[in-house]
Amino acid sequence: MDKTLSPKLRRQENISGYLFLLPSLVFFLAFVVYPMVMCIWTSFTDANMNSNTADHFIFLDNYIELWKDPVFLKALVNTLIIVFVSVPIVCIFSLWVASVIHKMKEGPLSFFRIVFYLPVVTGSVAVTVVWKWMYNNYYGIFNYVLKSTGVIDKNINWLGDSKFALWCIIIILLTTSVGQPIVLYVSALSNVDHSLVEASQVDGATNTQVFWRICWPQIMPTTLYILVITTINSFQCFALIQLLTSGGPNYATETVMYYIYYTAFKLYRFGYGNAMGVILAIFIAILSAVQFRLAKEK
Amino acid sequence: MKKIISLLLALCLVVSMASVVMAADAPEGASEITLWTYPIGNWGNEATVKELTDAFTAETGIAVKVEYLTYADGDDKVNTAITAKQAPDLIMEGPERLVSNWGANGYMVDIADLFEEEDKAEINPAALAACFAPDGAAYEYPLVMTAHCMAINYNAFVEAGADQYIDKETHTWTSEQFLAAVNALYETFGDPIGAIYCNGQGGDQGTRALVNNLCGGSFTNPEHTAYTWDDEKNIQALKILYDLNGIDYDASIVGGDEIANFYNGIFKMAFCWNIAQQLNPNSADTGAGLTLNGDEIVFMAFPSEDGVAKLQGGIWGFGIFDNGDAGKIEAAKTFIKYMCDSEHTADAVRASNFFAVRGTTEGIDISGIWSDNEIMNEYTKLMPMLGDYYQVTTNWAAARTAWWNMLQQVGAGDGSEEAIAAAVADFCAQANGQ
Chain C
1 MDKTLSPKLR
11 RQENISGYLF
21 LLPSLVFFLA
31 FVVYPMVMCI
41 WTSFTDANMN
51 SNTADHFIFL
61 DNYIELWKDP
71 VFLKALVNTL
81 IIVFVSVPIV
91 CIFSLWVASV
101 IHKMKEGPLS
111 FFRIVFYLPV
121 VTGSVAVTVV
131 WKWMYNNYYG
141 IFNYVLKSTG
151 VIDKNINWLG
161 DSKFALWCII
171 IILLTTSVGQ
181 PIVLYVSALS
191 NVDHSLVEAS
201 QVDGATNTQV
211 FWRICWPQIM
221 PTTLYILVIT
231 TINSFQCFAL
241 IQLLTSGGPN
251 YATETVMYYI
261 YYTAFKLYRF
271 GYGNAMGVIL
281 AIFIAILSAV
291 QFRLAKEK
Chain B
1 MKKIISLLLA
11 LCLVVSMASV
21 VMAADAPEGA
31 SEITLWTYPI
41 GNWGNEATVK
51 ELTDAFTAET
61 GIAVKVEYLT
71 YADGDDKVNT
81 AITAKQAPDL
91 IMEGPERLVS
101 NWGANGYMVD
111 IADLFEEEDK
121 AEINPAALAA
131 CFAPDGAAYE
141 YPLVMTAHCM
151 AINYNAFVEA
161 GADQYIDKET
171 HTWTSEQFLA
181 AVNALYETFG
191 DPIGAIYCNG
201 QGGDQGTRAL
211 VNNLCGGSFT
221 NPEHTAYTWD
231 DEKNIQALKI
241 LYDLNGIDYD
251 ASIVGGDEIA
261 NFYNGIFKMA
271 FCWNIAQQLN
281 PNSADTGAGL
291 TLNGDEIVFM
301 AFPSEDGVAK
311 LQGGIWGFGI
321 FDNGDAGKIE
331 AAKTFIKYMC
341 DSEHTADAVR
351 ASNFFAVRGT
361 TEGIDISGIW
371 SDNEIMNEYT
381 KLMPMLGDYY
391 QVTTNWAAAR
401 TAWWNMLQQV
411 GAGDGSEEAI
421 AAAVADFCAQ
431 ANGQ
């Protein structure tokens, strides 16, 4: 703040500053902080939808039950598979695409940006409907192509077979997740200091050396951001499951997010569902912290 | 000057936010009530419902604001509204939601006072019973009912020579005939003939009725206090269906997908069917009782050992959410009486494409409102086969999900009787809250 201002003007600036902050602060408190506190509190209760009975404080009972619940454990394993498969693929693939296209002329660059970003801006319902059609057991294009090329002789029930269903979900997730990282990486790679690149090339550095020694450190903040965002999105995979498989078949695509929804909104066990939410938040926080730490060490 | 303008802008933001909050809390008079309706026939159609509500408003002066729900996310919307204390005044659905769920959880108004002795005598006993909770409180006033059934592609049946196994006159067949028909169809057309859809969401009544009727199993006990679908007859039926060529347990499709596949000619039979589908099997309006390529659709009772099925019923009516506003509750009651028990009831019933739960109302005979509709008349042959309305059994929401999961597990298993029995026992126990 400008110290040459009179105390009155400074006070006025302070007040207007706080007033500008107030709307977003109110929304933040009402829609982020308050629900978070309520979520943690109700996770220690047996809160449900029955208005005839009061909620009881049951301390850690929900958390203890969680670790004995085979569906939750299955959902947790599925969620971790989604995270550990999709996050590295998204990061590596988007970095590869970005490194290929970022030096292109404006026209082709925009074309590829649009191609990869389109699934991101398309509504998840529309994307899901198209994929559901492609995976269809009876007339889907995948079965049609594989059958007509002789790869399979009987239709595969992609979403109805527990061997394939989770991988089908991961493939869709990948296509909808790479758009934003590609755009970010293109931007980050374009901002790499070219004088350093040229200097290293003059000193005889190979392309690989240039990338890992010059470019990679400079795009590390972007990589970290992409890692964290992709991890969070993968942990929170819900819409695809809800629209395609409802967690089936036989819990093969049950994720923690979907199980939270099912427990809270179908079984009305709000306390139990919130306990799962807290556990999920802890997992995300731990994984994000590890990513930050690793990135810092690098 | 800039500082003053910025201060004013900030104040405007705060004031506008506050006004939004205050506006949301502004009290409304009982001259307007809100109705949320699931897609029950044309009660999901804005133009039809507007006609009905406009007529109601003209007569009573009470405006009705209608919101249309879907079965895919309707429950979530209602539950969210309940927890936010923004529930509608009126809701139109069946007793499994109004009585067993929201009523049992204390969110509905007891409307037992709307049932006069004359009404009780006029309303179908099964529909009447379903609207009352065990403690005697009524959380629903019934308007219409139907029997859920299945459907076959008659042209395909003729082509495969399977038409000999059905009684087209009575719309019935035995389990033995059903199996023979599927085999004949499979020999002619190969896979798929039909599917035990088990992805989840709506249409569960179709798979339940198929399994329960095939060998004479039950779903709940007669008192509606426990789920009994782990009986041997159901296990036997599930095993028969597992072994049957042409019928697969398909965890990738829901009831709606099954109907679409049947309508498109992929399936030769559908288990998720009722009169609404028979009258209008597709959104393209290409004709009642016809598939996309013009094949004749014949509705059928589910196959049973003796050929007399116990069909799953559907009952729909209105309930009132207890929002603590006596004026709105009274207005909502007026609406219910207007739609369900007055000279206007016939119009309300027609809008649903289902059958009235009563033959007369206020001395007016409404039993013949479908006399001019050949399909509806034909469909009445199924109504005497209506079985127990067990959807009011405790823990219904969990039981439905357990049913889907059980079917998925049976379908994914090796088909042995032990594996099927284990899946059935496991999920039936879950349904019973064990």
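Taken in order, these protein sequences are the chains called C and B. Letter 66 of the first sequence, counting from 1, is numbered 66 in the working numbering, and no numbers are missing. Letter 72 of the second sequence, counting from 1, is numbered 72 in the working numbering, and no numbers are missing. Here a beta-carbon is modelled for each residue, glycine too, at the ideal position from N, C-alpha and C.
Reduced DSSP category for Ser304(B) - H, G, I as helix; E, B as strand; rest coil: In the second sequence, the residue the question calls residue 304(B) occupies position 304. Reduced to three states, the DSSP call for Ser304(B) is strand.
Which term fits Arg350(B), buried or exposed, when burial requires 16 or more other beta carbons within 10 angstroms of its beta carbon? Position 350 of the second sequence, counted from the start, is the residue given in the question as residue 350(B). Arg350(B) should be labelled buried.
Interface partners of Asp89(B) on chain C, CB under 7 Å: As a working mapping, residue 89(B) is identified with position 89 in the second sequence. Chain C residues near Asp89(B): none, gap ~17 Å exceeds 7 Å.
Helix, strand or coil: how does DSSP classify Pro142(B) here? Taking the first residue of the second sequence as 1, we reach residue 142(B) at position 142. Strand.
Mind listing the chain C neighbours of Ala348(B)? Cutoff is C-beta to C-beta under 8 Å, in chain order. Reading the second sequence from its first residue, position 348 is the one you call residue 348(B). Those within 8 Å of Ala348(B) in chain C number zero; the least Cβ separation is about 30 Å.
Partner residues on chain C for Pro192(B), Cβ-Cβ distance less than 7 Å: Counting from one through the second sequence, the residue named residue 192(B) turns up at place 192. Tyr138, listed in chain order.
Between the CA atoms of Tyr258(C) and Gln242(C) - distance to the nearest angstrom: Against the first sequence, residue 242(C) aligns to sequence position 242. Against the first sequence, residue 258(C) aligns to sequence position 258. Going by the C-alpha atoms only, they are around 7 Å apart.
Neighbour-count burial assignment, Glu187(B), 16 or more Cβ in a 10 Å radius: The residue you call residue 187(B) lines up with position 187 of the second sequence. Classification of Glu187(B): exposed, given that the 10 Å Cβ count is below 16.
Any beta carbon of chain C sitting closer than 8 Å to that of Gly106(B)? In the second sequence, counting from the first residue as 1, residue 106(B) sits at position 106. So, interface residue.
Taking only beta carbons into account, state which residues of the stretch 248-263 of chain C come closer than 7 Å to chain B, listed in chain order. Gly248, Pro249 and Asn250
Range covered by the alpha helix (DSSP H) that runs through Met134(C): Position 134 of the first sequence, counting from 1, holds the residue named residue 134(C). Per DSSP, Met134(C) belongs to the alpha helix (DSSP H) from Ser124 to Tyr135.
Under 8 Å (Cβ pairs) to chain B, residues found in the stretch 20-38 of chain C: Phe20, Leu22, Pro23 and Val26
Based on the DSSP secondary-structure assignment, which residues constitute the bridge partners of Lys65(B)? Residue mapping note: residue 65(B) aligns to position 65 of the second sequence, counting from 1. BP columns for Lys65(B) point to Thr34(B).
Contacts of Thr206(C) in chain B (Cβ-Cβ under 9 Å): Within the first sequence, numbered from 1, the residue matching residue 206(C) stands at position 206. Within chain B, no residue comes near Thr206(C); the closest Cβ sits about 49 Å away, beyond 9 Å.
At which residues does the beta strand (DSSP E) containing Leu90(B) begin and terminate? Mapped onto the second sequence, residue 90(B) falls at position 90. Start and end: Leu90 to Glu93.
Find out if the Cβ-Cβ distance for the pair Thr53(C), Asn274(C) is shorter than 8 Å. Numbered from 1 along the first sequence, position 53 holds the residue referred to as residue 53(C). Numbered from 1 along the first sequence, position 274 holds the residue referred to as residue 274(C). No, these two residues do not count as a Cβ contact at 8 Å.
Alpha carbons only, please: which of Thr83(B), Pro142(B), Gly103(B) and Tyr107(B) is nearest the one belonging to Pro125(B)? Your numbering for residue 125(B) matches position 125 in the second sequence. For the residues Thr83(B), Pro142(B), Gly103(B) and Tyr107(B), the minimum Cα distance to Pro125(B) belongs to Pro142(B).
Does the Cβ of His224(B) have 16 or more other Cβ atoms within 10 Å, making it buried, or fewer, making it exposed? Taking the second sequence and counting its residues from 1, one reaches residue 224(B) at position 224. The residue in question, His224(B), is buried, as its Cβ has 16 or more Cβ neighbours within 10 Å.
With DSSP as the reference, label Trp403(B) as helix, strand or coil. On the second sequence, position 403 is the one that residue 403(B) refers to. Of the three classes helix, strand and coil, the one that applies to Trp403(B) here is helix, per DSSP.
Within a Cβ cutoff of 7 Å, which residues of the same chain sit near Thr253(C), ignoring the five residues on either side of it in sequence? Stepping through the first sequence from its first residue, residue 253(C) is reached at position 253. Within the same chain, Thr253(C) has close Cβ partners Asn78, Ala165, Leu166, Ile169, Ile241, Thr245 and Gly247.
Around the Cβ of Glu46(B), are there at least 16 other Cβ atoms within 10 angstroms (buried) or fewer (exposed)? Within the second sequence, numbered from 1, the residue matching residue 46(B) stands at position 46. That one is exposed.
Could you tell me which chain B residues have their CB closer than 9 Å to the CB of Phe265(C), listed as they occur along the chain? Your numbering for residue 265(C) matches position 265 in the first sequence. By Cβ distance, chain B contributes Asp75, Asp76, Asn79 and Thr80.
Thinking C-beta only, is Leu114(B) closer than 8 Å to Lys337(B)? Counted from its first residue, the second sequence places residue 337(B) at position 337. Counted from its first residue, the second sequence places residue 114(B) at position 114. A contact, by the Cβ cut-off of 8 Å.
Other residues of its chain near Ile152(C): CB distance less than 6 Å, five sequence neighbours each side excluded: For this step, residue 152(C) is matched to residue 152 along the first sequence. For Ile152(C), where only same-chain residues beyond five positions count, the Cβ hits under 6 Å are Leu146.
First and last residue of the alpha helix (DSSP H) that includes Asn212(B)? Numbered from its first residue, the second sequence carries residue 212(B) at position 212. It spans Asp204 to Cys215 - the alpha helix (DSSP H) in which Asn212(B) sits, taken as one unbroken run.
Exposure label - Ile92(C); buried when at least 16 CB within 10 Å: Position 92 of the first sequence, counted from the start, is the residue given in the question as residue 92(C). By the neighbour-count rule (16 or more Cβ atoms within 10 Å), Ile92(C) is not buried but exposed.
Counting only the same chain and skipping the five closest in sequence on each side, list residues whose C-beta sits under 8 Å from that of Gly136(B). Looking up residue 136(B) in the second sequence gives position 136. Excluding residues within five positions, the ones whose Cβ falls inside 8 Å are Ala112.
Quick test of your reading: Ser234(C) and Val83(C), contact by CB under 8 Å. State the CB separation rounded to the nearest angstrom. By 1-based counting over the first sequence, the position of residue 234(C) is 234. By 1-based counting over the first sequence, the position of residue 83(C) is 83. About 4 Å separates the two Cβ atoms, so the contact holds.
4-residue-minimum alpha helix (DSSP H) runs that sit fully inside the stretch 214-293 of chain C, ordered along the chain: 220-235, 239-244 and 256-265
Sequence-distant residues of the same chain with beta carbon closer than 7 Å to Ser177(C), five excluded per side: Position 177 of the first sequence holds residue 177(C). Excluding sequence neighbours, Ser177(C) sits near Ser86, Val90, Thr230 and Asn233.
Is DSSP giving Ile58(C) helix, strand or coil here? Residue mapping note: residue 58(C) aligns to position 58 of the first sequence, counting from 1. It is coil, neither helix nor strand.
Name, please, each residue of chain C whose Cβ falls closer than 7 Å to the Cβ of Asp250(B). The count along the second sequence starts at 1 and reaches residue 250(B) at position 250. Result: Asn137, Asn157 and Gly160.
Return the residues of the stretch 403-415 of chain B that lie within a Cβ-Cβ distance of less than 8 Å from chain C, sorted by chain order. Trp404, Asn405, Gln408, Gln409, Gly411 and Ala412
Quick check: Glu96(B) and Val357(B), are their CB atoms within less than 8 Å of each other? Translated into positions along the second sequence, residue 96(B) becomes position 96. Translated into positions along the second sequence, residue 357(B) becomes position 357. No, the Cβ-Cβ distance between Glu96(B) and Val357(B) is not below 8 Å.
Does the beta carbon of Gln86(B) sit closer than 8 Å to a beta carbon anywhere in chain C? Reading the second sequence from its first residue, position 86 is the one you call residue 86(B). No - not a single Cβ of chain C is within 8 Å of the one on Gln86(B).
Can you check whether the CB of Cys215(C) is closer than 8 Å to the CB of Val183(C)? Numbered from its first residue, the first sequence carries residue 183(C) at position 183. Numbered from its first residue, the first sequence carries residue 215(C) at position 215. It is not a contact, given that the beta carbons lie outside the stated cut-off.
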